[in-house]
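Chains as they are written, first to last, in the numbering used here: chain A, 1 to 382; chain B, 1 to 125.
For every residue, glycine included, the Cβ atom is placed at its ideal position computed from N, Cα and C.
Bear in mind the structure is a predicted one, so any value in this text is a computation, not a measurement.
Written out as structure tokens, the structure reads:
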């Protein structure tokens with residue numbers, strides 16, 4: 001074989017192995033073989049540059065601490081970096097081909113909502129979500145998404161990056177918990193004071209009034225005293241309802257479902273039809289979770305009747321796969337969620353759900369009513 | 001109007017800039033920058049279509065190829081006709097056009113000058 005052809009053969013073999021440093025010599029003849037040699041030398045330059053840039057990209061891709069996914073328009077993972085596979089406990093390369101929705105917790109397809117928002121905004125979106133590891137551990141994450149165009153491919157890919165915000169969420173939840181617990185303590189104190197002092201004193205006055213009404217002979221005074229006694233009976237009943245609303249004793253004694261049934265039974269709007277169902281046995285709930293869910297249900301019912309003018313309210317409790325679910329629904333007027341989102345009532349509901357790492361899926365349609373779908377993971381409870 | 005440099009010969013003929021590379025020249029980034037800078041000085045900042053006779057070029061390294069194809073490297077050129085009249089220069093020219101084709105400037109390979117001049121007429125005001 002010609003010496004130059006041997007050199008070409010050797011160089012091409014080395015290029016195949018990823019060794020792009022050496023070049024071939026061009027002879028003074030500048031013949032066709034030299035033309036090929038020149039082409040091979042330039043090919044070596046290009047391959048070296050591409051390899052360096054690919055290695056550089058791979059190093060960045062796999063060195064960042066954020067989880068990075070490249071996903072196609074159907075949500076199938078085309079690539080995931082080392083951090084994503086490490087944090088989600090998947091073997092190297094095993095995330096490829098899976099749907100991003102497999103890693104997400106959501107009632108509606110999370111990826112579809114990202115895609116929709118990206119199409120609307122056409123550039124970059126950011127939000128919060130939950131990712132699950134292969135072993136089922138949930139990781140709260142901040143998600144950022146943007147379009148990613150690879151070479152000249154027409155098919156648009158999406159670059160998703162997710163940073164673990166567990167610590168931030170824990171801190172937020174601690175603050176939320178502290179605020180909510182302070183509110184509850186204050187309500188508890190107020191209910192106790194009202195019950196132990198005012199209600200007792202009113203009961204004593206009622207006793208004197210009713211006794212005097214029995215003893216008096218004057219019909220006019222008797223009538224006034226009996227009316228006063230009726231008035232006091234109503235005030236004491238209202239006071240007891242107030243104390244019950246502030247701190248329902250049945251919640252501590254008999255649990256959430258019975259306390260909710262009692263609340264609905266005592267509810268002042270008698271024309272409202274309540275449907276309360278418990279689909280299966282619920283585990284024992286922490287006092288904080290029980291009171292939070294109770295408050296949320298109270299808030300929902302009050303809003304449904306006062307603002308929504310509903311006459312049907314549904315409450316369903318269920319427990320499955322370590323997740324407690326509470327589905328609240330009404331047949332009221334409904335409201336615009338975006339407008340209501342800034343209100344204190346809804347914010348309180350969201351804060352209480354968030355403080356237990358829960359999810360609130362809220363739907364409301366004008367003229368068709370409102371539903372709160374609450375999911376609380378109980379393996380996360382302290 | 002003509003100019004002789006260590007790397008090439010430049011002249012303007014019938015509103016076309018003609019650049020002929022010297023024999024056995026190996027172009028690296030430094031030489032490529034010098035070529036562009038000299039060319040711009042020679043034309044006084046005026047834009048011309050160009051014929052580039054590259055038969056003397058033995059090699060152009062990657063940084064030089066990228067620079068010559070860049071906006072900076074094609075400054076002052078309305079279009080380029082590259083003359084390749086050997087297998088060697090044809091190979092080199094084809095590689096340049098395929099891998100480092102300038103984005104803003106039309107460029108085409110020719111084996112004879114007359115055809116190149118004819119094609120460049122469309123770029124003369």
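Rounded separation between residue i and residue j - CA only
| i | j | result |
| --- | --- | --- |
| residue 107/A | residue 157/A | In this prediction, residue 107/A has a pLDDT of 44, which is less than 50 and means its spatial position is unreliable; nothing more can be read from the coordinates. |
| residue 58/A | residue 103/A | 23 angstroms |
| residue 346/A | residue 306/A | 15 angstroms |
| residue 177/A | residue 249/A | 21 angstroms |
| residue 299/A | residue 348/A | 9 angstroms |
| residue 159/B | residue 56/B | For chain B, the structure presents residues 1 to 125; residue 159/B sits outside this window and is missing. |
| residue 120/A | residue 147/A | 12 angstroms |
| residue 85/B | residue 106/B | 20 angstroms |
| residue 189/A | residue 92/A | 56 angstroms |
| residue 319/A | residue 234/A | 40 angstroms |
Contact check, residue i vs residue j, beta carbons under 8 angstroms
| i | j | result |
| --- | --- | --- |
| residue 130/A | residue 164/A | no |
| residue 389/A | residue 40/A | Residue 389/A falls outside the range modelled here, since chain A spans only 1 to 382, and no answer is possible. |
| residue 28/B | residue 64/B | yes |
| residue 76/B | residue 53/B | no |
| residue 7/B | residue 35/B | yes |
| residue 317/A | residue 326/A | yes |
| residue 161/A | residue 71/A | no |
| residue 116/B | residue 83/B | yes |
| residue 333/A | residue 367/A | yes |
| residue 256/A | residue 304/A | no |
| residue 199/A | residue 264/A | no |
| residue 114/A | residue 145/A | yes |
| residue 38/A | residue 62/A | no |
| residue 361/A | residue 330/A | no |
| residue 42/B | residue 78/B | no |
| residue 294/A | residue 251/A | yes |
| residue 133/A | residue 95/A | no |
| residue 123/A | residue 142/A | no |
| residue 88/B | residue 34/A | yes |
| residue 61/B | residue 21/A | no |
Chain B contact for residue i (CB, 8 angstroms cutoff)
| i | result |
| --- | --- |
| residue 45/A | yes |
| residue 26/A | yes |
| residue 18/A | no |
| residue 52/A | no |
| residue 21/A | no |
| residue 32/A | yes |
| residue 108/A | Legend: pLDDT at residue 108/A = 47, less than 50; position of this residue unreliable, value from coordinates given subsequently. Taking Cβ atoms only, chain B never reaches closer than 8 angstroms to residue 108/A, which makes this a no. |
| residue 36/A | yes |
| residue 39/A | yes |
| residue 84/A | no |
| residue 42/A | yes |
| residue 118/A | no |
| residue 78/A | no |
| residue 49/A | yes |
Any C-beta of chain A under 8 angstroms from that of residue i
| i | result |
| --- | --- |
| residue 84/B | no |
| residue 32/B | no |
| residue 37/B | no |
| residue 61/B | yes |
| residue 87/B | yes |
| residue 99/B | yes |
| residue 109/B | no |
| residue 167/B | This structure leaves residue 167/B out entirely; chain B is present only between 1 and 125. |
| residue 42/B | no |
| residue 92/B | yes |
| residue 7/B | no |
| residue 95/B | yes |
Simplified DSSP state of residue i, which is helix, strand or coil
| i | result |
| --- | --- |
| residue 144/A | strand |
| residue 4/B | strand |
| residue 365/A | strand |
| residue 67/A | strand |
| residue 5/A | helix |
| residue 54/B | coil |
| residue 104/A | strand |
| residue 275/A | strand |
| residue 106/B | coil |
| residue 212/A | helix |
| residue 381/A | Residue confidence is low: residue 381/A scores 46 on pLDDT, short of 50, so the model does not pin down where it sits. Its coordinate-derived value is still stated next. Of the three classes helix, strand and coil, the one that applies to residue 381/A here is coil, per DSSP. |
| residue 184/A | helix |
| residue 248/A | coil |
| residue 329/A | strand |
| residue 9/B | strand |
Open item on the list: Count Cβ pairs between the stretch 359-377 of chain A and the stretch 23-30 of chain B that sit closer than 8 angstroms; are there 3 or more?
Closed with: Too few Cβ pairs lie closer than 8 angstroms, so no.
Task: Selection of the stretch 9-25 of chain B by Cβ proximity to chain C, strictly under 7 angstroms - done: No chain C appears in this structure, whose protein chains are A and B.
Open item on the list: Within 8 angstroms, do at least three Cβ pairs link the stretch 214-229 of chain A to the stretch 179-199 of chain A?
Closed with: No: fewer than three Cβ pairs fall under 8 angstroms.
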